[in-house]
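Peer 1: Take a look at this one; I'll ask things after.
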Amino acid sequence: MTFTRRKFATLAATTPLAGFAHVVSARADGHSVTAPAMVDMPLGAYRITAILDGIAPLARGFFFGDEGAIDTAAEAAGLGDVLPAPVSAFLLQSADRTMLIDAGMGGLELLGPGFGRLPAALAAAGVGAAQIDAVIVTHLHPDHVGGLLAASGAAFPNAELIVAEAEHGFWTDASMRAQAPAEAQGLFDLAGGVLSAYAGRVTLASDAEEVAPGVTLMISPGHTMGHSLLRIDGGDQALLMVADTLHSADVHTALPDTGFGFDTDPALAAESRRRVFDMAAAEKMLIAGSHVHFPGFGRIRAEGAAYRYAPATWM
Numbered sequence: 002m003t004f005t006r007r008k009f010a011t012l013a014a015t016t017p018l019a020g021f022a023h024v025v026s027a028r029a030d031g032h033s034v035t036a037p038a039m040v041d042m043p044l045g046a047y048r049i050t051a052i053l054d055g056i057a058p059l060a061r062g063f064f065f066g067d068e069g070a071i072d073t074a075a076e077a078a079g080l081g082d083v084l085p086a087p088v089s090a091f092l093l094q095s096a097d098r099t100m101l102i103d104a105g106m107g108g109l110e111l112l113g114p115g116f117g118r119l120p121a122a123l124a125a126a127g128v129g130a131a132q133i134d135a136v137i138v139t140h141l142h143p144d145h146v147g148g149l150l151a152a153s154g155a156a157f158p159n160a161e162l163i164v165a166e167a168e169h170g171f172w173t174d175a176s177m178r179a180q181a182p183a184e185a186q187g188l189f190d191l192a193g194g195v196l197s198a199y200a201g202r203v204t205l206a207s208d209a210e211e212v213a214p215g216v217t218l219m220i221s222p223g224h225t226m227g228h229s230l231l232r233i234d235g236g237d238q239a240l241l242m243v244a245d246t247l248h249s250a251d252v253h254t255a256l257p258d259t260g261f262g263f264d265t266d267p268a269l270a271a272e273s274r275r276r277v278f279d280m281a282a283a284e285k286m287l288i289a290g291s292h293v294h295f296p297g298f299g300r301i302r303a304e305g306a307a308y309r310y311a312p313a314t315w316m
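Numbering of the sequence shown is given in the working numbering, commencing with residue 2 and proceeding in unit increments.
Have a look at this one:
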């Protein structure tokens, strides 16, 4: 598998991918960060808290396929040339575990300032970095792992880093790096830097493996080759963390075959997206998404050949 090159040429002008080898601690550049946004809910034996790390201003050009239909779907949702995508991480707590699902962008300015709110949110929730005992990584893209790094190395000094074996294998494969366009080389550098920072504490998981009590990792390839979902079963309630199955709750539900600029394999990503949507709709599952309208808790409804995202009504 190789990266799609269709969008990297246009993204490179505004996306400094090659700079990922040098990571600074969050907000060390002096940019202010607004008060943390957090929403929590019970999940049986767990409590899950959505934490907004920032909002990515995705240009319409990040999405490709039927351009006219994409324009129509965006306009129907009241969106202009920019499709704002929240970048969320999730705190998952039980009586004896304190875990994170992804860690946001951190101090990286890949999509501009305004990210790196996770540390302040954890502090507001009374959780210190040293208390995080595991970080489950859905995939190794910057907006999911940038927050794992600090100037001193690992931002969470006692955390086990859990990542799918397929995801780890892709980003550490020298032949994959060689096939990637020059503009994407920094993605491999960042992934390698994160894995190095947690050396000796990286646990590789296989498809359908329980990585924590009631938390099962499921591979859903395409966005990345080891892109992972998490089914969290708290006993009396379950949730499916769909990660980057959709980057726009409006466009990707109306047009599930729409490609996204950072998909490794757009066709496979679309196939996985439909499979996940079908499962979530058939089982009427509560979902959480990394880039869904904050706080990202809701459900997927089937509507003919398309789908619709419905925010959770428990709030």
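We put the CB at the ideal spot given by N, CA and C, even for glycine. This one's a predicted model, so the numbers in the text were calculated from it and none came from an experiment.
(1) Return helix, strand or coil for GLN186, following the three-state DSSP convention.
(2) Taking 7 angstroms as the cut-off, is the CB of ALA270 close to at least one heavy atom of the ligand FAD?
(3) What first and last residue would you give for the alpha helix (DSSP H) that runs through THR314?
(4) Could you compute how far the alpha carbon of LEU93 sits from the alpha carbon of ILE52?
(5) Compute the beta-carbon to beta-carbon distance between THR225 and GLU168, rounded to the nearest angstrom, for a pair I have assumed lies under 8 angstroms.
(6) Would the segment 274-291 and the segment 72-82 be scored as touching if the rule is three or more Cβ pairs under 8 angstroms?
(7) Are the beta-carbon atoms belonging to PRO257 and ARG276 less than 8 angstroms from one another?
(8) What ranges does the beta strand (DSSP E) occupy inside the segment 173-237, keeping only unbroken runs of at least 3 residues that lie completely in it?
(9) To which residues of the same chain is SER207 closer than 6 angstroms at the C-beta, ignoring the five residues directly before and after it?
(10) Measuring alpha carbon to alpha carbon, tell me which of SER95, GLY147, ALA121, MET100 ends up nearest GLY108.
(11) When you compare each of SER221, PRO143, MET100 to ILE137 by their alpha carbons, which one comes out closest?
(12) Should PRO58 be labelled buried (16 or more other beta-carbon atoms within 10 Å of its own) or exposed?
(13) To the nearest angstrom, how far is the alpha carbon of HIS145 from that of GLU304?
(14) If distances are taken between C-alpha atoms only, which option among ALA135, TYR199, ILE220 comes closest to PRO214?
(15) If you reduce the DSSP assignment to three classes, tell me which class MET39 lands in.
(16) Between the segment 221-235 and the segment 266-273, are three or more C-beta pairs nearer than 8 angstroms?
(17) For GLY154 and VAL164, what's the separation of their Cα atoms in angstroms?
(18) Let me know if HIS23 comes out buried or exposed under the rule of 16 or more other beta-carbons within 10 Å of its beta-carbon.
(19) If we ignore side chains and look at the alpha-carbon of each, how far apart do VAL162 and ASP103 end up?
(20) So what's THR139 in DSSP terms, helix, strand or just coil?
(21) Which residue from ALA60, PHE64, GLY297 puts its Cα closest to that of VAL40?
(22) Looking only at its own chain, which residues have a Cβ that is under 7 angstroms from the Cβ of ALA255, when we skip the five neighbours before and after it?
(23) In this structure, how does DSSP classify GLU68 when only helix, strand and coil are distinguished?
Peer 2: Taking the geometry as given:
(1) The three-state reading of DSSP puts GLN186 in helix, counting H, G and I together.
(2) Ligands are entirely absent from the displayed structure, and the ligand FAD is therefore not among its contents.
(3) Neither: THR314 is in no alpha helix (DSSP H) and is coded neither H nor E.
(4) Taking the straight line joining both Cα atoms gives about 11 angstroms.
(5) Approximately 6 angstroms separates the beta-carbon atoms of THR225 and GLU168; this is inside 8 angstroms, confirming the contact.
(6) Because the criterion of three Cβ pairs below 8 angstroms is not met, the segment 274-291 and the segment 72-82 do not touch.
(7) Going by C-beta atoms, PRO257 is not nearer than 8 angstroms to ARG276.
(8) Unbroken beta strand (DSSP E) stretches of 3 residues or longer found wholly inside the segment 173-237: 203-206, 210-213, 216-220, 229-234, given in chain order.
(9) Here the set comprises GLU166.
(10) Nearest option by C-alpha distance: GLY147.
(11) The residue among SER221, PRO143, MET100 with its C-alpha nearest the C-alpha of ILE137 is MET100.
(12) Its Cβ having fewer than 16 others within 10 Å, PRO58 is exposed.
(13) Across the structure, HIS145 and GLU304 are spaced so that their CA atoms are roughly 30 angstroms apart.
(14) The residue with the shortest Cα to Cα distance from PRO214 is ALA135.
(15) MET39: strand per DSSP, three-state reduction.
(16) Touching, yes.
(17) A straight-line Cα-Cα distance of about 18 angstroms links GLY154 and VAL164.
(18) Residue confidence is low: HIS23 scores 30 on pLDDT, short of 50, so the model does not pin down where it sits. Its coordinate-derived value is still stated next. HIS23 counts as exposed, since fewer than 16 other beta carbons sit within 10 angstroms of its beta carbon.
(19) Reading the sequence as shown, one finds Leu at residue 162 and not Val. Going from the Cα of LEU162 to the Cα of ASP103 covers about 10 angstroms.
(20) DSSP places THR139 in coil when its eight states are reduced to three.
(21) For the residues ALA60, PHE64, GLY297, the minimum Cα distance to VAL40 belongs to GLY297.
(22) For ALA255, where only same-chain residues beyond five positions count, the Cβ hits under 7 angstroms are ALA74, ALA307.
(23) In the three-state scheme derived from DSSP, where H, G and I count as helix and E and B as strand, GLU68 is classed as helix.
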